[in-house]
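Below: the structure, in structure tokens.
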């Protein structure tokens, strides 16, 4: 998906919501366990209920991999189902891969060819070699970890260099030299909403994928105010707060209500910033 | 596997060789493609031919994932086959995962419970939260990227902090506070053999997993001289140089010869350092 198509999708849905499909057999409603593929059945119902309010879906691969080859089947069926229901939605493989050369090339092939993802989250520790093979795919995105929302993000991401610049700023700066802002997004945790202003100075034009709103405690209002740019430039993720809002038979309806609630708040900010009328 | 068991294995085999199973359908001998599962057939023959000369195997997960659920089946069969042939060998999931909290816990469950790996390679960017769930598993290992052998390792790993210490040194120091040297290994690229002396000052007791010998250009002699400690403390990986040494029907025999060649060189260093008689 191109940047223009992503922006069009956001304006059409009046939403920059990304729904995280972190699907765990132990957390889904019990009545789904009778299905052949409970994970896919859960996703299918969530997707049917929420796709009008979402600009993106983000399956977290750990949850699928933990089930072995069955989990990969569920993932493939999920991606194909999203494409069937709504062809223009942005689909992110939350994989946080970080390898080099031929290994990285294989990951790129896996996520962009074997599966039809639009973007993949990548860890920057090994530098350009990790990202390079992903940049060879047209209209596909590398989504690079910059500042994460977890407690121990401070272990390394905040280490200042000799000029007093923290590591995450070096990642933001260096990674922009690797590709255009039609190819490169950054992951920036929402629990650091005040840091978004500084990040926007360093990466004014890149899309930011912002996890951590909802269950992890970030404020959507602050994220929008500090992080939005003139083409929106934000995908804000919520996972548990939507998909596990109810664990009863009404889970899809409750998920829909939660997603629409966030979409409606996002609509206010999109209007306020003049991105929709 | 405990550290004592690993050292015992190294002394028994007179080898600290780790064989990387980076298995690509496009690179394996053509006559194997007639098998139901050519990847597993290739691995099976490689394992049969080489396990007497190796202390560890390291499947690189990207190669298996790129084949979807079939690849995960091949991986599972490979791990089970290694355990069947030789119960005491160390098996590493070269996954370079780096996620947090519940996601990381799922990865730990995948690699240590669903599959029976002894260790997993992990990226340090998100800090302690990435490694913590892996440390809960007894006799299992977190193998943390410190200094990698790729060209763009310089992008971030060599950024000096305010005290002039590069990022990889901060990773080596901080990660040692997370767990004992019975749980934590570090990945250190062999193309930086001269750096191994400095690394041994910072991490004297941890095992180091050293890729990059052979195809990537590192020297085994330098690695042994600069990196060995009084319990060996090294696992040196070779992948392509062994498994693709021949792409004809004799591939397993040629792989065996290449593995034995490295093992015999390793035996010299183990004897020189007084680790075997």
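Residue numbers (my numbering), protein chains in the order written: chain S, 41 to 317; chain A, 41 to 317. C-beta atoms are modelled at their ideal positions from N, C-alpha and C, and glycine is treated no differently.
Residue-level contact to chain S via CB, residue 204 (chain A), 9 Å cutoff: yes
Chain S contact for residue 56 (chain A) (CB, 9 Å cutoff): no
Where residue 315 (chain A) falls, given that 16 or more other Cβ within 10 Å makes a residue buried: buried
Three-state secondary structure assigned by DSSP to residue 201 (chain A): Note: residue 201 (chain A) maps to strand in three-state DSSP.
Bridge partner(s) assigned by DSSP for residue 277 (chain A): A:58
Beta carbon of residue 28 (chain A) nearer than 9 Å to that of residue 271 (chain A): Because chain A spans 41 through 317 in this model, residue 28 (chain A) falls outside it and cannot be assessed.
Nearest candidate by alpha-carbon position, reference residue 283 (chain A), set A:69, A:43, A:48, A:159: Nearest C-alpha to residue 283 (chain A): A:69.
Delimiting residues of the alpha helix (DSSP H) encompassing residue 181 (chain S): Run containing residue 181 (chain S): none in the alpha helix (DSSP H); it sits in the beta strand (DSSP E), 181-187.
Where residue 269 (chain S) sits in the DSSP three-state scheme: strand
Residue 185 (chain S) vs residue 147 (chain A) beta-carbon contact at 9 Å: no
Counted within 10 angstroms of its Cβ, other Cβ atoms place residue 73 (chain A) as buried (16 or more) or exposed: So residue 73 (chain A) counts as exposed.
Contacts around residue 80 (chain S), its chain only, beta-carbon distance under 7 Å, and the 5 residues preceding and following it disregarded: 114, 117, 118
Alpha helix (DSSP H) segment containing residue 239 (chain S), residue limits: Per DSSP, residue 239 (chain S) belongs to the alpha helix (DSSP H) from 235-242.
Residues near residue 48 (chain S) by beta carbon distance below 8 Å, same chain, minus five either side: 128
Residue 292 (chain S) - containing beta strand (DSSP E), residue span: Careful: residue 292 (chain S) lies outside any beta strand (DSSP E), inside the alpha helix (DSSP H) at 291-312.
Residue 111 (chain S), enclosing alpha helix (DSSP H) - first and last residue: 109-125
Proximal residues of chain A, C-beta to C-beta of residue 301 (chain S) below 9 Å: Result: empty, since nearest Cβ-Cβ is about 24 Å, beyond 9 Å.
Closer than 9 Å to chain A by CB, residue 140 (chain S): yes
Rounded separation between residue 245 (chain A) and residue 55 (chain A) - CA only: 19 Å
Chain S contacts made by the segment 77-106 of chain A, where a contact means CB separation under 7 Å: 100, 102, 103, 105, 106
The segment 82-99 of chain S touching the segment 57-71 of chain S, judged by at least three CB pairs closer than 8 Å: yes
Local conformation of residue 98 (chain A) per DSSP, three classes: strand
In DSSP terms, what residue 133 (chain S) is bridged to: In the DSSP output, where bridge partners are listed per residue, residue 133 (chain S) has S:160.
Residue interval of the alpha helix (DSSP H) (run including residue 249 (chain S)): Note, residue 249 (chain S): premise wrong, no alpha helix (DSSP H); beta strand (DSSP E) at 248-250.
Contact set between the segment 182-211 of chain A and chain S, restricted to residues whose Cβ is under 8 Å from the partner: 185, 188, 190, 191, 192, 193, 194, 195, 196, 197, 199, 200, 201, 202, 204, 207, 210, 211
Rounded distance between the beta-carbons of residue 260 (chain S) and residue 305 (chain S), thought under 8 Å: With 8 Å as the limit, residue 305 (chain S) and residue 260 (chain S) qualify as a contact, their Cβ atoms being about 6 Å apart.
Nearest neighbour of residue 217 (chain S), chosen from S:139, S:193, S:242 [CA to CA]: S:242
Alpha carbon of residue 208 (chain S) to alpha carbon of residue 107 (chain S), nearest angstrom: When rounded, the separation of the alpha-carbon atoms in residue 208 (chain S) and residue 107 (chain S) is 33 Å.
Pick from A:312, A:300, A:313 that is closest to residue 318 (chain A), judged by C-alpha positions: In the structure as shown, chain A begins at 41 and stops at 317. Residue 318 (chain A) is therefore absent and cannot be evaluated.
Cβ contact (3+ pairs, closer than 8 Å) linking the segment 210-229 of chain S and the segment 149-168 of chain S: yes
Cutoff 9 Å: residue 163 (chain A) Cβ touching any chain S Cβ: yes
Test: residue 298 (chain S) CB closer than 9 Å to a CB of chain A: Judged by the 9 Å Cβ criterion, residue 298 (chain S) is not in contact with chain A.
For residue 263 (chain S) and residue 228 (chain S), the rounded distance between their alpha carbons: 10 Å
Residues of its chain near residue 51 (chain S), where Cβ-Cβ distance is below 6 Å and the 5 sequence neighbours each way are ignored: Excluding sequence neighbours, residue 51 (chain S) sits near 316.
Residue 153 (chain S) vs residue 131 (chain S) beta-carbon contact at 9 Å: No; because the gap between Cβ atoms is not below 9 Å, this pair is not in contact.
Option nearest residue 141 (chain A) by Cα separation, candidates S:151, S:123, S:102: Minimum Cα-Cα distance from residue 141 (chain A) among the listed residues S:151, S:123, S:102 corresponds to S:102.
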